[in-house]
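Read through the structure below, which is laid out as structure tokens, and then see the notes.
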Amino acid sequence: MLKGRRRGLSMELSSLLHDLHLSSSVKPRPSSSLPPITELLSRLQEKLSAASSDSETSSLIGRVERLFQTADPCWLFSANGDEEWAELQAAYGALVGALIGCAALPPREDDCGSLPASAYRSVPGRAGPVCSALAALLRPLGNAGCPTGLLLAVAAPVCVFAVTHFQDQVWTSSSSRAAAQSLQEVLLRAGGWRDSAHLLMGDKRREGQGGEEGGRSRGVLGGILDVLQPQLTKDSWQRCEAVKLVFSWTLLQVTRPSLSPHLSHLLPPSLLLNDHYRPENCILGVRCLHHIVLNTPAADLCQFNRAEVLYQALFKHLYTSETAVIQPVLSCLLDLLVVLEKPPSSSRRTSCRHDDVLRLVLTHMEAEQKVALRRVYASALPLYIDRMGVAVCRHLRRVEWVVLGYLEVRDPPEETSRLNILEVLKITTRAAWPRMACRVDVLLRCLLKLLVAVSSDSGLSVSVRQTLMNQTCLCLKLLDGCCHGAVQRLLQQVDSSCCSSEVLSCLATVTMTNS
1161 MLKGRRRGLS MELSSLLHDL HLSSSVKPRP SSSLPPITEL LSRLQEKLSA
1211 ASSDSETSSL IGRVERLFQT ADPCWLFSAN GDEEWAELQA AYGALVGALI
1261 GCAALPPRED DCGSLPASAY RSVPGRAGPV CSALAALLRP LGNAGCPTGL
1311 LLAVAAPVCV FAVTHFQDQV WTSSSSRAAA QSLQEVLLRA GGWRDSAHLL
1361 MGDKRREGQG GEEGGRSRGV LGGILDVLQP QLTKDSWQRC EAVKLVFSWT
1411 LLQVTRPSLS PHLSHLLPPS LLLNDHYRPE NCILGVRCLH HIVLNTPAAD
1461 LCQFNRAEVL YQALFKHLYT SETAVIQPVL SCLLDLLVVL EKPPSSSRRT
1511 SCRHDDVLRL VLTHMEAEQK VALRRVYASA LPLYIDRMGV AVCRHLRRVE
1561 WVVLGYLEVR DPPEETSRLN ILEVLKITTR AAWPRMACRV DVLLRCLLKL
1611 LVAVSSDSGL SVSVRQTLMN QTCLCLKLLD GCCHGAVQRL LQQVDSSCCS
1661 SEVLSCLATV TMTNS
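Last residue of the sequence shown? That's 1675 in the numbering used here, and every number before it is there in order.
Structure (structure tokens):
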């Protein structure tokens, strides 16, 4: 049986060599008389690039797959000396590029919109066979014991191809996604990488070791960025729908300390996405920038004024009315500001960027009518107020207006806006308590109205109603503490005939606690 398989292999190889004009005979040839593998790879690459029909391309891909499945690895990966190994790497790199090109996505002519789904109809059918052919190459390559430079040379473009096709997008199908995911797994096994993050970053603790062990611990992040870089320029990144997804997938897998050395290649594409007019691209860019901020040392971010560039790029988004954009921007700015300056709570007496952001957010909150956007602002505000500390005194009037305005408006069913604003009031009262006494009257009136409104709101669940009332009572206790019992004295004057027993019970907890 084994002899029959070898005979079939020999016939297949001889037939392939004959078709490529590398042999004048279709008879089986001994291994010693085979042409150099680089010559065969170059001819295959030329054939794939020059294929004029889908059937011809499919046939060639199939024969390439069978070649890698059956040929002797000692012949497939044979070279002597550094020069021959470099030539072999170049030959395999060119062939892998030609295979990937067979399932390339059609380019867009402009940035005015996405291509219709019909433009990608043939891509999934071509991607599956290419995945199979590349996997057939990686399996023996991982076991052949050849220098890791050869594996690393093909790993980057193969990874880019796999990531392009295992995502749920218009150019993929369930079968092509499964094939691409399988290809990614084969790649990980071939290089001994644990997961995708390890594939990208490698093992820093072992990378300095020499020989095979040290080579296997290297990541392919640099190689992937080299593959993507020509497509990530200002004029070209929008021509291929997949490039931004592959770039963001790559970036979001990389953490400290591996991100910082590649910052010069990661930051410009992220800023391009951030600056785009389409919300989905902008959101993706903000996510990338936030990941960079979280995983880059402050010293590296401040070098070459990068942090200030990021701040200006993000600050302008505060003028947008897109809820999906504002939410990640506010979160990213909060983490970026501590890179640019010390928190205002650390006795900063002069206005700073924290003040600029908070001032603009409060201004927009006062006039905002969209429920979704109000929720986003309200969820972010407690973190900013807490960061300001005592410096919130510079914004007390605006904070008061926001608190009064947001507590008056229902936000069913979870009342997230009201709960977040009550949290703002608590943080503000604790931080700026000497300045709160003069505002007790108006705030007390607002909180009592809230208690009465919530107690009679049948549209709220019992748990939400109880949480709101408990938080309101806590605010009353804090206000009473900062004005030396004035709230308690005013509450004792409340007409019990105008309030429900539930409200009176809450007020009693305030007076009893402070009596």
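Glycine included, each C-beta is placed from N, C-alpha and C at the ideal position. Only a predicted model underlies this, so the values are computations on that prediction, with no experimental measurement involved.
| request: Return the Cβ separation of P1504 and A1551 in integer angstroms, given the expectation that the two are a contact with Cβ distance under 8 Å. | output: The residue labelled residue 1504 in the question sits at position 344 within the sequence shown. The residue labelled residue 1551 in the question sits at position 391 within the sequence shown. That pair is a contact at about 4 Å.
| task | Mind listing, in chain order, the continuous alpha helix (DSSP H) runs of no fewer than 4 residues lying wholly within the segment 1211-1290? | result | 1214-1230, 1233-1236 and 1241-1261
| query | Going by alpha carbons, who is nearest to C1400 out of V1499, G1241, F1321 and L1227? | reply | As a working note, residue 1400 is residue 240 in the sequence shown. Nearest C-alpha to C1400: F1321.
| said: Which of the three DSSP states is assigned to R1595 in this structure? | reply: On the sequence shown, position 435 is the one that residue 1595 refers to. Reduced to three states, the DSSP call for R1595 is helix.
| What did DSSP end up calling R1378 once you bin it into helix, strand or coil? | Working through the sequence shown from its first residue, we reach residue 1378 at position 218. Taken through DSSP and simplified to helix, strand or coil, R1378 comes out as strand.
| task | Provide the residue span of the alpha helix (DSSP H) that contains Y1479, from first to last. | result | Mapped onto the sequence shown, residue 1479 falls at position 319. Element bounds for Y1479: n/a, residue is neither H nor E.
| query | Among residues of its own chain, excluding the 5 on either side of D1571, which ones have a beta-carbon nearer than 6 Å to its beta-carbon? | reply | If you number the sequence shown from 1, residue 1571 lands on position 411. Correct list, in chain order: S1577 and R1578.
| field | Member of L1610, S1665 and I1260 whose CA lies at the smallest distance from the CA of A1316 | value | If you number the sequence shown from 1, residue 1316 lands on position 156. It is I1260.
| request: Go through its chain and collect everything with a Cβ distance to L1667's Cβ below 6 Å, but skip five positions before and after it. | output: Taking the sequence shown and counting its residues from 1, one reaches residue 1667 at position 507. Correct list, in chain order: L1651.
| query | Is the CB of R1466 under 8 Å away from at least one CB in chain D? | reply | You won't find chain D in this structure, because it holds only one protein chain.
| query | Which of the three DSSP states, helix, strand or coil, is assigned to G1619? | reply | Numbered from its first residue, the sequence shown carries residue 1619 at position 459. Under the three-state reduction of DSSP output, G1619 falls in the coil class, being neither helix nor strand.
| Nearest to G1352 by alpha carbon, out of H1325, D1328, L1301 and Q1341? | Taking the first residue of the sequence shown as position 1, residue 1352 is located at position 192. If we check each option's Cα against that of G1352, L1301 comes out closest.
| query | If you compare alpha carbons, which of D1617, A1313, V1330 and L1275 is closest to G1285? | reply | As a working note, residue 1285 is residue 125 in the sequence shown. When each option's Cα is compared against that of G1285, the closest is V1330.
| said: I'd like the list of long-range same chain contacts for V1403, defined as Cβ closer than 7 Å, with 5 residues on each side in sequence excluded. | reply: Residue numbering aside, residue 1403 sits at position 243 when the sequence shown is read from its first letter. Cβ within range, chain order: L1388, Q1391, L1392 and W1397.
| task | Mind reading off the beta-carbon distance from V1559 to V1584? Whole number of angstroms is fine, and I expect it under 8 Å. | result | The residue given as residue 1559 occupies position 399 in the sequence shown. The residue given as residue 1584 occupies position 424 in the sequence shown. Right, their Cβ atoms sit about 7 Å apart.
| said: Quick check on DSSP: helix, strand or coil for G1676? | reply: A question about residue 1676 goes unanswered here, because the residues of the chain that appear run from 1161 up to 1675.
| N- and C-terminal bounds of the alpha helix (DSSP H) containing S1356 | Your numbering for residue 1356 matches position 196 in the sequence shown. Per DSSP, S1356 belongs to the alpha helix (DSSP H) from S1356 to M1361.
| query | Nearest-angstrom Cα distance between E1244 and D1363? | reply | Position 84 of the sequence shown, counting from 1, holds the residue named residue 1244. Position 203 of the sequence shown, counting from 1, holds the residue named residue 1363. Taking the CA atoms as reference points, E1244 sits about 28 Å from D1363.
| query | Quick one, are the C-beta atoms of S1335 and G1288 less than 8 Å apart? | reply | The residue you call residue 1335 lines up with position 175 of the sequence shown. The residue you call residue 1288 lines up with position 128 of the sequence shown. Yes.
| query | For A1350, which option in Q1327, S1333, C1319 and D1328 has the closest C-alpha, if you only look at C-alpha atoms? | reply | Locating residue 1350 in the sequence shown gives position 190, where the first residue counts as 1. Selected option, being the one with the closest Cα: C1319.
| Presumed contact (8 Å Cβ cut-off) between P1457 and S1420, rounded CB distance | Translated into positions along the sequence shown, residue 1457 becomes position 297. Translated into positions along the sequence shown, residue 1420 becomes position 260. Right, their Cβ atoms sit about 6 Å apart.
| request: Reducing DSSP to helix, strand and coil, say where S1505 ends up. | output: Taking the sequence shown and counting its residues from 1, one reaches residue 1505 at position 345. Correct three-state label for S1505: coil.
| request: May I ask you to report which of helix, strand or coil DSSP gives G1352? | output: By 1-based counting over the sequence shown, the position of residue 1352 is 192. Note: G1352 maps to coil in three-state DSSP.
| said: So, for C1633: in the same chain, excluding its five sequence neighbours on each side, which residues have a beta-carbon less than 7 Å away from its beta-carbon? | reply: Locating residue 1633 in the sequence shown gives position 473, where the first residue counts as 1. Cβ-Cβ distances below 7 Å link C1633 to C1666, T1669 and V1670 in the same chain, with the five nearest sequence neighbours on each side left out; the list follows chain order.
| Would you call the CB atoms of A1251 and L1201 closer than 8 Å? | On the sequence shown, residue 1251 is found 91 positions in, with the first residue counted as 1. On the sequence shown, residue 1201 is found 41 positions in, with the first residue counted as 1. In this structure, the beta-carbon distance from A1251 to L1201 falls below 8 Å.
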